[in-house]
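What follows is one structure encoded as structure tokens, with my remarks underneath.
Residue numbers (the working numbering): 6 to 204.
Put into structure tokens, the structure is as follows:
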């Protein structure tokens with residue numbers, strides 16, 4: 006519970022900080038540390054390395070990540086025509102355009118991996134007997150509400166449900182981490198160019 010509260014606060018601070026200013030970076034790094042630290046302190050992260058070399062574990066993660074990048078890029082072309090939604094997306098992407106692009110890219114990928122360690126790793130294990138796919142997705146979505154950004158909340162609900170199902174099927178956090186990482190990469194590298202088409 007403490008990890009969830011601290012994480013929600015740091016998420017709010019990081020994504021309500023002015024893009025390009027210093028507050029975003031320390032809050033984002035602290036957020037990643039919070040998720041990773043909470044995951045390992047809870048002791049629920051599956052660490053069976055023997056599954057990591059099995060392509061049945063990591064290939065679905067990459068495949069789903071690529072599909073999500075394509076889906077969100079196509080969605081960006083459509084919803085980008087709606088001013089309110091376009092603005093919500095640009096509010097997030099502004100961190101990469103007004104600040105250090107490389108730093109934002111690394112933060113997006115790193116924080117995403119740490120989120121998976123906590124939500125689809127430790128929390129999933131703790132809720133193993135309580136409908137973990139539904140429960141972790143709901144909690145992840147509620148925490149993301151701290152951003153105040155409707156598009157991030159929508160993305161959290163979809164991404165959370167799919168990666169939770171991956172964890173359930175593969176028994177590992179590797180596939181969710183790869184999916185989240187590839188999706189984050191696509192959102193930073195591709196989505197801004199997609200939105201330029203609609204502007």
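Think of the CB as a built atom: it goes at the ideal place given N, C-alpha and C, for glycine as much as any other residue.
Helix, strand or coil for residue 198 per DSSP? Against the chain shown, residue 198 aligns to sequence position 193. Reduced to three states, the DSSP call for residue 198 is helix.
Given 8 Å, three or more beta-carbon pairs between the stretch 190-197 and the stretch 130-143: no
Would DSSP call residue 134 helix, strand or coil? For the purposes of this step, residue 134 is taken as the residue at position 129 of the chain shown. In the structure shown, residue 134 sits in coil (DSSP, three-state: anything other than H, G, I, E or B).
How is residue 26 classed by DSSP in three states: helix, strand or coil? In the chain shown, residue 26 corresponds to position 21, counting from 1. In this structure, residue 26 counts as coil in the three-state DSSP scheme.
Among the candidates 124, 18, 25 and 87, whose CA atom is the shortest distance from the CA of residue 200? Here residue 200 refers to the residue found at position 195 when the chain shown is read from its first residue. Among 124, 18, 25 and 87, the Cα nearest to that of residue 200 is on 87.
Please check the pair residue 50 and residue 115, which I expect to be a contact at CB under 8 Å, by giving their CB distance rounded to whole angstroms. Translated into the one-based positions of the chain shown, residue 50 becomes position 45. Translated into the one-based positions of the chain shown, residue 115 becomes position 110. Contact doesn't hold; Cβ gap of about 16 Å is too wide.
When the Cα of residue 164 is compared with those of 151, 177, 183 and 62, which residue comes out closest? As a first step, residue 164 must be located in the chain shown, where it is residue number 159. Out of 151, 177, 183 and 62, 183 has the C-alpha closest to the C-alpha of residue 164.
Measure the alpha-carbon distance for residue 166 versus residue 177 and round it to whole angstroms. Numbered from its first residue, the chain shown carries residue 166 at position 161. Numbered from its first residue, the chain shown carries residue 177 at position 172. Their Cα atoms are separated by approximately 15 Å.
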